[in-house]
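Report on the structure given below.
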Amino acid sequence: MKLRGSVIVFVGYLLALFGAPAFAAEPTKVLLAHGAISNNVEPLWIAKEQGIFRKYGIDAELVFIIAGRAMQAMLAGQVPVGLVGATHVINAVTAGGDLVMILGLQNTLDYLFIARPSIKSAEELKGKKVAIGTPSGSASLATYVALDYLGLNPRRDNIVLLGVGGVPERLSALRAGSVEATSLSPEFGQVVVSEGYRVLLNTTKENVPFQSSGMVVARSMMKSNPQLVENLAKATVEGVAFVHKASNKEIVLKSLARNLRLSKSEQVEKAYQNLVAELPKRPCPNMQGVASVIKLMAQHGLNPKASQVKPEEIADLGLCKKFEDSGFFSSLY
1 MKLRGSVIVF VGYLLALFGA PAFAAEPTKV LLAHGAISNN VEPLWIAKEQ GIFRKYGIDA
61 ELVFIIAGRA MQAMLAGQVP VGLVGATHVI NAVTAGGDLV MILGLQNTLD YLFIARPSIK
121 SAEELKGKKV AIGTPSGSAS LATYVALDYL GLNPRRDNIV LLGVGGVPER LSALRAGSVE
181 ATSLSPEFGQ VVVSEGYRVL LNTTKENVPF QSSGMVVARS MMKSNPQLVE NLAKATVEGV
241 AFVHKASNKE IVLKSLARNL RLSKSEQVEK AYQNLVAELP KRPCPNMQGV ASVIKLMAQH
301 GLNPKASQVK PEEIADLGLC KKFEDSGFFS SLY
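For the sequence shown, position 112 matches number 112 in this note's numbering, and the numbering has no gaps at all.
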């Protein structure tokens with residue numbers, strides 16, 4: 001008993017001398033919406049699953065809300081952070097919103113324009129139905145670009161563009177035969193290609209400057225809570241680095257299979273290869289890509305006000321510059 005008492009006194013002395021250990025504050029709960037189910041969401045899934053958000057004091061809840069609705073929720077203040085395409089940020093800004101893209105996780109137009117097996121050439125799409133997502137989303141813009149490259153014009157060639165929804169809805173419409181073609185990200189496009197569907201155009205190979213998915217917040221949030229925004233960005237950047245590290249491949253493969261609901265190992269492997277090939281190690285917004293999106297939206301009449309905005313109104317490179325100058329980017333590789 002004397003020994004036990006002496007230990008208690010000694011511990012008490014140390015606490016008095018050095019102070020009690022500080023416990024970490026409760027993590028900040030943050031709702032983060034991603035506007036599509038695709039492999040470019042993987043850095044966020046990894047940051048959640050591997051405790052990287054927690055490392056930065058964030059309890060992130062990831063929720064899928066199709067991109068157009070995700071932006072509506074952000075504009076209404078219901079969701080503070082989103083992973084959505086530049087097209088939706090442009091729509092928000094031209095409508096008076098103060099949203100801005102701070103990271104770019106998909107800086108290319110990476111889609112397969114796919115048709116049913118019965119369609120042998122692009123010419124055969126004349127007078128047919130094509131599924132798109134939200135009217136001015138990245139998948140829809142990919143379809144406009146694909147039709148342009150294939151020499152088709154929806155109005156002239158009587159091609160009906162049907163806004164059927166996200167990837168699951170477009171896949172169902174294509175398989176059911178209610179549409180003849182649609183644009184799909186490679187990880188899902190490869191699934192139907194293996195079933196006999198035809199790739200009419202791979203937009204990635206056309207090297208179209210484009211800004212697809214990126215992390216978006218309100219400018220007011222950047223001013224009122226800059227540390228939280230920086231921590232969100234840092235956790236996401238670390239998620240990107242985790243994905244790129246070869247020793248983490250098995251973890252990333254399992255995460256992709258689970259989150260994309262891919263059951264065949266070869267499909268998961270292709271999704272992984274596409275991801276590491278397209279995911280920028282320094283995930284900054286591509287300002288040339290933003291400018292290209294603005295031009296395409298104006299050109300196709302998707303937003304008559306698009307031509308009035310400048311790329312720097314849509315994307316902010318401030319945090320990327322800070323991460324570069326401080327050595328944060330280089331410290332991860």
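C-beta atoms are modelled at their ideal positions from N, C-alpha and C, and glycine is treated no differently.
Bear in mind the structure is a predicted one, so any value in this text is a computation, not a measurement.
Query, Result
"Closest to residue 316 by CA distance: which of 36, 61, 102 is it?", "102"
"Starting from residue 325, trace the alpha helix (DSSP H) in both directions and tell me its first and last residue.", "318 to 326"
"Considering only the alpha carbon of each residue, which of 88, 48, 42, 56 lies closest to residue 217?", "88"
"In this structure, how does DSSP classify residue 91 when only helix, strand and coil are distinguished?", "helix"
"DSSP three-state call for residue 305: helix, strand or coil?", "coil"
"Between the region 252 to 261 and the region 129 to 136, do at least 3 Cβ pairs fall closer than 8 Å?", "no"
"Quick one, are the C-beta atoms of residue 283 and residue 237 less than 9 Å apart?", "yes"
"From what residue to what residue does the beta strand (DSSP E) around residue 34 run?", "28 to 34"
"For residue 273 and residue 90, what's the separation of their Cα atoms in angstroms?", "30 Å"
"Can you name, in chain order, every residue of its own chain whose Cβ lies under 6 Å from the Cβ of residue 22, other than the five neighbours on each side?", "In this prediction, residue 22 has a pLDDT of 39, which is less than 50 and means its spatial position is unreliable; what the coordinates show is noted afterwards. Taken in chain order, the list of residues that qualify is empty."
"Could you give the residue range of the beta strand (DSSP E) that holds residue 213?", "213 to 218"
"Since residue 303 contacts residue 211 with CB under 8 Å, what's their CB separation in whole angstroms?", "So it is not a contact: roughly 15 Å between Cβ atoms."
"Nearest by alpha-carbon distance to residue 112: which of 176, 138, 93, 127 is it?", "138"
"Within a Cβ cutoff of 6 Å, which residues of the same chain sit near residue 262, ignoring the five residues on either side of it in sequence?", "268"
"Can you give me the C-alpha to C-alpha distance between residue 179 and residue 188, rounded to a whole angstrom?", "17 Å"
"Under three-state DSSP, which class holds residue 64?", "strand"
"Please state whether DSSP places residue 120 in a helix, a strand or coil.", "coil"
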